[in-house]
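Residue numbers (the working numbering), protein chains in the order written: chain A, 12 to 126; chain B, 484 to 598. Backbone N, C-alpha and C define an ideal beta-carbon position, used for all residues, glycine too.
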Amino acid sequence: ETGVTQTPRHLVMGMTNKKSLKCEQHLGHNAMYWYKQSAKKPLELMFVYNFKEQTENNSVPSRFSPECPNSSHLFLHLHTLQPEDSALYLCASSPVALESTDTQYFGPGTRLTVL
Amino acid sequence: AQSVAQPEDQVNVAEGNPLTVKCTYSVSGNPYLFWYVQYPNRGLQFLLKYITGDNLVKGSYGFEAEFNKSQTSFHLKKPSALVSDSALYFCAVRDMFPAGTALIFGKGTTLSVSS
Numbered sequence: 012e013t014g015v016t017q018t019p020r021h022l023v024m025g026m027t028n029k030k031s032l033k034c035e036q037h038l039g040h041n042a043m044y045w046y047k048q049s050a051k052k053p054l055e056l057m058f059v060y061n062f063k064e065q066t067e068n069n070s071v072p073s074r075f076s077p078e079c080p081n082s083s084h085l086f087l088h089l090h091t092l093q094p095e096d097s098a099l100y101l102c103a104s105s106p107v108a109l110e111s112t113d114t115q116y117f118g119p120g121t122r123l124t125v126l
Numbered sequence: 484a485q486s487v488a489q490p491e492d493q494v495n496v497a498e499g500n501p502l503t504v505k506c507t508y509s510v511s512g513n514p515y516l517f518w519y520v521q522y523p524n525r526g527l528q529f530l531l532k533y534i535t536g537d538n539l540v541k542g543s544y545g546f547e548a549e550f551n552k553s554q555t556s557f558h559l560k561k562p563s564a565l566v567s568d569s570a571l572y573f574c575a576v577r578d579m580f581p582a583g584t585a586l587i588f589g590k591g592t593t594l595s596v597s598s
């Protein structure tokens, strides 16, 4: 798991707070992803960045705002979240975004609880 | 449209016995198939993938998976289960075309290996 790191590992926030999740990949990849994992549901792809450019936004509410300053770092800024946003947020990276044969490598996730 | 199904929410096996975790898929063209494992409070770890070639794919930790095109299946197998194999297993699929298609994950199967 040292290939993709995420901080913090756990986060508890109120609905009016602003917080940010951080992801860093040490694999030399050019693509980074945010996924949401909720209990009993398949992983939901939220955002995709390829060479720092956002290439996918799967109808994610605007209270989630991604930022990708370079190919190694990815942030997810959180604002005015709802309790149903509580989930495990996973970051992943791959050599090129959405390349069919590429393997995505995941970080350990941030467990988010919204009160 | 592409989809993937893991028909069992949970699989229980005794240590030393063979295990199978089932996965079926649906794609328009040729599939690219992946298996990931998730241990508690951890991210997803890549196990193996099928791209082309030999239908039997060998992966990490002694796992293997067999691609069966006629049955549209990609079941994960291990000849002798270990207690440490207990985890959540995800199958994922991506269609060869169109380019840039997202990786679609199943809901996951919990494997429980008893001693």
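6 Å CB neighbourhood of Asn513/B in its chain, flanking five on each side removed: Met579
Residues of the region 36 to 57 of chain A with Cβ closer than 8 Å to any Cβ of chain B, in chain order: Lys51, Lys52, Pro53, Leu54, Leu56
Residues of its chain near Tyr60/A, where Cβ-Cβ distance is below 6 Å and the 5 sequence neighbours each way are ignored: Met43, Cys79
Counted within 10 angstroms of its Cβ, other Cβ atoms place Gly118/A as buried (16 or more) or exposed: buried
Minimum C-alpha distance to Val596/B - residue among Tyr508/B, Phe573/B, Asn551/B, Val504/B: Val504/B
Nearest-angstrom Cα separation, counted from Pro19/A out to Pro501/B: One C-alpha to the other measures close to 38 Å.
Helix, strand or coil at Asp578/B according to DSSP, with G and I counted as helix: If DSSP states are grouped into helix, strand and coil, Asp578/B belongs with the strands.
Where Lys590/B meets chain A, residues with beta-carbon distance less than 8 Å: Below the 8 Å Cβ cutoff, chain A contributes Lys51, Lys52, Pro53 as neighbours of Lys590/B, in chain order.
Sub-8 Å separation of Val71/A and Gln93/A beta-carbons: no
Beta-carbon proximity of Val15/A to Gln48/A, cut-off 8 Å: no
Exposure label - Asn73/A; buried when at least 16 CB within 10 Å: The sequence given here has Ser at residue 73/A, not Asn. Result: exposed.
Secondary structure, beta strand (DSSP E): runs of 3+ residues fully inside the region 23 to 100 of chain A: Counting only runs of 3 or more, we get 29 to 36, 42 to 48, 55 to 61, 64 to 68, 75 to 81, 84 to 90.
Check whether Gln489/B and Cys574/B have beta carbons under 8 Å apart: Remark: C-beta atoms of Gln489/B and Cys574/B approach each other more closely than 8 Å.
Same chain only: Cβ atoms within 7 Å of Phe75/A, ignoring 5 sequence neighbours per side: Met57, Leu87, Leu89
Proximal residues of chain A, C-beta to C-beta of Lys560/B below 7 Å: Simply none; closest approach about 20 Å.
Ser111/A at chain B interface by Cβ criterion, 8 Å: Yes, its Cβ sits closer than 8 Å to a Cβ of chain B.
Anticipated Cβ contact below 8 Å, Met24/A with Lys30/A, distance rounded: 5 Å
Residues near Asn81/A by beta carbon distance below 7 Å, same chain, minus five either side: Lys63
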